[in-house]
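J.: Below is the structure I would like to discuss, written out as structure tokens.
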Amino acid sequence: MQSSSSLFPVALTSAERRGDLSEDVYRLKPGNSPDGTVELAVTRLGLADVQQTRGVPVVLLHGSFSNRRFWYSPEGIGLGAYLARQGFDVWIPEMRGHGLSRRNQDYARNCVADYVRYDLPAIAAFVGEQSGQVPHWIGHSLGGTTLAAALGGQYLAGPTVASAALFGCQVSRTYWPLKIPPVAWGGRFILKRFAQLSGARLKRGPEDEPVGLVLESMRWHGLFGRFGDAERDWWKGLADVAVPLLAVSAAGDRQDPDWACRKLFEQVGSEHRQYLCLGRRQGFAGDFGHVEMLVSKAAQAEVWPLVKRWLRDPLTPVTGAHPQVLATD
Numbered sequence: 001m002q003s004s005s006s007l008f009p010v011a012l013t014s015a016e017r018r019g020d021l022s023e024d025v026y027r028l029k030p031g032n033s034p035d036g037t038v039e040l041a042v043t044r045l046g047l048a049d050v051q052q053t054r055g056v057p058v059v060l061l062h063g064s065f066s067n068r069r070f071w072y073s074p075e076g077i078g079l080g081a082y083l084a085r086q087g088f089d090v091w092i093p094e095m096r097g098h099g100l101s102r103r104n105q106d107y108a109r110n111c112v113a114d115y116v117r118y119d120l121p122a123i124a125a126f127v128g129e130q131s132g133q134v135p136h137w138i139g140h141s142l143g144g145t146t147l148a149a150a151l152g153g154q155y156l157a158g159p160t161v162a163s164a165a166l167f168g169c170q171v172s173r174t175y176w177p178l179k180i181p182p183v184a185w186g187g188r189f190i191l192k193r194f195a196q197l198s199g200a201r202l203k204r205g206p207e208d209e210p211v212g213l214v215l216e217s218m219r220w221h222g223l224f225g226r227f228g229d230a231e232r233d234w235w236k237g238l239a240d241v242a243v244p245l246l247a248v249s250a251a252g253d254r255q256d257p258d259w260a261c262r263k264l265f266e267q268v269g270s271e272h273r274q275y276l277c278l279g280r281r282q283g284f285a286g287d288f289g290h291v292e293m294l295v296s297k298a299a300q301a302e303v304w305p306l307v308k309r310w311l312r313d314p315l316t317p318v319t320g321a322h323p324q325v326l327a328t329d
């Protein structure tokens, strides 16, 4: 089969019409990482009857224990579908071993460092090639953390990022037991006996997560840990990020609390950045939760239009009917 890209082998595995939307699923084989078996599934959404006028590209990164269905349900509901109907060119990657992306040979060792060094740059190159434009990026939870790491590590920069939006994303919450070396050593010893953690068994989501990602997170939060890898300090690098940034927290989020999300936001050095907390005190109908901030009827009514407004003009404050949005220039 002829490749759909001049960059690396890419196969168009399906091209379907889903109601008023078109759904094209690509399988990327970048071959840029030590594990040559890595394949990444990327779904492209657009309006079925407007094939020749693709809009501005937007890349949506799912969180942990999740897949593309966080953004786009089989019934055609979700932020991804909403943005496609608003005329955006929507791209939804699934990380190694998630959803339609096959498990690679070294699946158990997969971690954020692999995502940011190899996978996101490959996705950015492919989306840029196919769309002919610089994409906007949106990440939720671990997807946002991965996006922040790629920006801080300069694996994604101005030529590949028009703007970045982080939803429910933080790396500052303290897990005190991990600061005690014997506890951390014991935890790593036990975890290394497993290849993955079950999202279904833990009631966290439909997907498993590789144990390598958990061990990496433990290093970040350990006694002398930092948000980065052996090569680069991602946290320090965030101060040099120049792309427009939107950071969004949820007042009812217990997993990634507002104060921690705000701390990450304040570390980013972008001249154009905005911070938004979704809660009653900020003028919203209720205190959103970690998932409900993007997947709920309330999000559909109150959050999705703000995302659309941000993508159309990241340099204008996303205040709308909620004047307590914090914007800095």
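Last residue of the sequence shown: 329 (our numbering), numbering continuous. Glycine residues also receive a C-beta, built at the ideal position from the N, C-alpha and C atoms.
The beta strand (DSSP E) with I92 in it runs from where to where?
T.: One-based indexing of the sequence shown puts residue 92 at position 92. That run of the beta strand (DSSP E) goes D89 to E94.
J.: At a cut of 8 Å, does the stretch 274-289 reach the stretch 90-110 through at least three beta carbon pairs?
T.: In the pairwise beta carbon analysis, the stretch 274-289 is classified as not touching the stretch 90-110: fewer than three pairs are separated by under 8 Å.
J.: In angstroms, rounded to a whole number, what distance separates the CA positions of G279 and G63?
T.: Here residue 279 refers to the residue found at position 279 when the sequence shown is read from its first residue. Here residue 63 refers to the residue found at position 63 when the sequence shown is read from its first residue. Approximately 21 Å between the Cα atoms of the pair.
J.: Buried or exposed: E23, going by 16 or more other Cβ atoms within 10 Å of its Cβ?
T.: Within the sequence shown, numbered from 1, the residue matching residue 23 stands at position 23. So E23 counts as buried.
J.: Is the beta carbon of A250 sitting closer than 7 Å to the one on F288?
T.: Translated into the one-based positions of the sequence shown, residue 250 becomes position 250. Translated into the one-based positions of the sequence shown, residue 288 becomes position 288. Going by C-beta atoms, A250 is nearer than 7 Å to F288.
J.: DSSP beta-bridge partners for S22?
T.: Counting from 1 along the sequence shown, the entry for residue 22 is found at position 22. R17 and G46, per the DSSP bridge assignment.
J.: In whole angstroms, what is the alpha-carbon distance linking M1 and R102?
T.: As a working note, residue 1 is residue 1 in the sequence shown. As a working note, residue 102 is residue 102 in the sequence shown. Residue confidence for M1 is low, a pLDDT of 47 falling below 50, so the modelled location carries little weight and cannot support an answer.
J.: Below 6 Å CB to CB, which residues in the same chain sit around P210 once its five sequence neighbours on both sides are set aside?
T.: Position 210 of the sequence shown holds residue 210. Once the five neighbours on either side are set aside, the close Cβ partners of P210 are Y107, A108, N110 and Q196.
J.: V50: buried (16+ other C-beta within 10 angstroms of its C-beta) or exposed?
T.: Here residue 50 refers to the residue found at position 50 of the sequence shown. Exposed, since its Cβ has fewer than 16 Cβ neighbours within 10 Å.
J.: DSSP three-state call for L142: helix, strand or coil?
T.: The residue given as residue 142 occupies position 142 in the sequence shown. Three-state DSSP puts L142 in a helix.
J.: Leaving out five residues on either side along the sequence, give the residues of the same chain with a beta carbon under 8 Å from the beta carbon of Y82.
T.: For the purposes of this step, residue 82 is identified with residue 82 of the sequence shown, where counting begins at 1. Result list for Y82: Q300, W304 and K308, in chain order.
J.: What do you get for Y175, buried or exposed, if any count of 16 or more other CB atoms within 10 angstroms of its CB means buried?
T.: Walking along the sequence shown from the start, residue 175 turns up at place 175. Counting Cβ neighbours within 10 Å, Y175 comes out exposed, since fewer than 16 surround it.
J.: Applying the 10 Å Cβ sphere with the 16-neighbour rule, what's the burial state of W259?
T.: For the purposes of this step, residue 259 is taken as the residue at position 259 of the sequence shown. The residue in question, W259, is exposed, as its Cβ has fewer than 16 Cβ neighbours within 10 Å.
J.: Can you tell me whether G158 is buried or exposed? The criterion is at least 16 other CB atoms within 10 Å of its CB, across all chains shown.
T.: The residue given as residue 158 occupies position 158 in the sequence shown. Exposed, by the Cβ-count rule.
J.: Return helix, strand or coil for W234, following the three-state DSSP convention.
T.: Looking up residue 234 in the sequence shown gives position 234. Residue state, collapsed to three classes: helix.
J.: Measuring alpha carbon to alpha carbon, tell me which residue in G152, G31, L264 and F284 is nearest N104.
T.: Numbered from 1 along the sequence shown, position 104 holds the residue referred to as residue 104. Measuring from the Cα of N104, the nearest candidate turns out to be G31.
J.: How long is the line joining the alpha carbons of H322 and F284, rounded to whole angstroms?
T.: Here residue 322 refers to the residue found at position 322 of the sequence shown. Here residue 284 refers to the residue found at position 284 of the sequence shown. For H322, the predicted structure reports a pLDDT of 42, less than 50, and the residue's modelled location is therefore unreliable. A value from the coordinates is still provided. In a straight line, the C-alpha of H322 is about 7 Å away from that of F284.
J.: Report yes if the CB atom of E266 is closer than 7 Å to the CB atom of S66, and no otherwise.
T.: Sequence index remark: in the sequence shown, residue 266 carries index 266 (1-based). Sequence index remark: in the sequence shown, residue 66 carries index 66 (1-based). The answer is no: Cβ separation not under 7 Å.
J.: Just to confirm before moving on: does the CB-CB distance between P57 and D20 stay below 7 Å?
T.: In the sequence shown, counting from the first residue as 1, residue 57 sits at position 57. In the sequence shown, counting from the first residue as 1, residue 20 sits at position 20. Pairing P57 with D20 gives a Cβ-Cβ distance that is not under 7 Å.
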